[in-house]
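Report on the following structure.
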Amino acid sequence: MKRLALAAVAAAALVLSGCSKEGASRFEGNYSYSLGGMLTFSPAGGTSGSIGAGGSSDGSPAVAADDLTAVIKSESGQMDVVTVSGKSGEMLVTLRPLAGGVLVFDAVADGKTLTLKPVSHRISVDFGDGILTGNADMDVEISGTGERYSDMIRFAFTYSGSCTHAGQEYEISASDVTCVAVMND
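Under the working numbering, the first residue of the sequence shown is numbered 244, with each subsequent residue one higher.
Below, the structure written as structure tokens:
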């Protein structure tokens, strides 16, 4: 009887531990993803291009231009998450958008979090602020973290970089970009 009870407890422990995978095995797989979001830009150096860095002619401080908001063009495609080293949690995350190209992150799985190391990438943003409209291509650095829920991973991407729009240099001051990846069957 004791052996039967011990075997039942051991089987239950195996079943429960399988449901709560952590580290690299938690994230490994092939996914379909979709991403999108917004970036907020502030004038580089905190000054407006119309008055200049030195301020106005009467010696008063320079007037700061309003922040700009830009939309990251929506993107979808396939994502592969593969283990490089299960012991250290090193992984490789590859995003292949339907429109073409590839984005490859070195990543580290630690417990229930997948951390994406920074990578350089060229993106296209849409400035739809009503005053300064138009698209801009820019080079950015992207990093982020992801968490797995059931059959999906939710990534929060962080963008950094700068661009020139309508003659003014802007820096990314905030990013709200989300990527949702659903595991393929």
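A virtual CB, placed ideally from N, CA and C, is assigned to each residue, including glycine.
Do you know how far the Cα of residue j is from the Cα of residue i?
| i | j | result |
| --- | --- | --- |
| PRO286 | ALA417 | 12 Å |
| GLY354 | GLY329 | 12 Å |
| VAL327 | ASP428 | 22 Å |
| GLU414 | PHE284 | 5 Å |
| PHE370 | ALA342 | 21 Å |
| ALA203 | MET334 | This structure does not reach residue 203, given that the chain is present from 244 up to 428, and the question cannot be answered. |
| ALA379 | ASP323 | 29 Å |
| CYS422 | GLY332 | 21 Å |
| PHE348 | CYS406 | 23 Å |
| PRO340 | GLY410 | 31 Å |
| ILE366 | THR401 | 13 Å |
| GLY387 | TYR276 | 15 Å |
| ALA267 | SER403 | 27 Å |
| GLU412 | SER393 | 43 Å |
| ASP319 | VAL345 | The sequence given here places Ser at residue 319; Asp does not occur at that position. The straight-line gap from Cα to Cα measures roughly 12 Å. |
| THR337 | ARG391 | 16 Å |
| GLY288 | ARG269 | 43 Å |
| MET420 | GLN321 | The question names Met, but residue 420 in the sequence shown is Val. The straight-line gap from Cα to Cα measures roughly 18 Å. |
Pull up the CB-CB distance for residue i and residue j, whole angstroms please, since I reckon it's below 8 Å.
| i | j | result |
| --- | --- | --- |
| LEU359 | ALA313 | Not really, about 21 Å apart at Cβ, beyond 8 Å. |
| SER317 | GLY279 | 4 Å |
| MET435 | ALA424 | Residue numbering for the chain in the displayed model covers 244 to 428; residue 435 lies beyond these limits and cannot be assessed. |
Could you tell me which residues DSSP puts in a beta bridge with residue i?
| i | result |
| --- | --- |
| SER418 | LEU282 |
| ARG339 | GLN321 |
| GLY272 | VAL324 |
| GLU333 | SER328 and VAL351 |
| ALA313 | LEU282 and PHE370 |
| ALA423 | Looking at the sequence shown, residue 423 is not Ala but Val. For VAL423, which the question treats as bridged, DSSP gives the partners SER277 and ARG397. |
Near residue i, what residues of its chain come up, given a Cβ to Cβ distance below 6 Å and the 5 sequence neighbours on each side ignored?
| i | result |
| --- | --- |
| ASP310 | THR283 and SER285 |
| GLY389 | LEU357, ILE396 and PHE398 |
| SER363 | GLU384 |
| ASN273 | ASP323 and ASN427 |
| PRO361 | GLU384 and SER386 |
Is there a Cβ from chain D that is less than 7 Å from the Cβ of residue i?
| i | result |
| --- | --- |
| ALA342 | Judged by its chain identifiers, the structure shown contains no chain D, having just a single protein chain. |
Going along the chain, which residues of its own chain have a beta-carbon closer than 7 Å to the beta-carbon of residue i, five neighbours each way excluded?
| i | result |
| --- | --- |
| GLU265 | GLY354 and LYS355 |
Report the residue ranges of all beta strand (DSSP E) runs contained in full by the stretch 353 to 412; include only those spanning at least 3 residues, in chain order.
-> Runs found: 356 to 371, 376 to 392 and 395 to 408.
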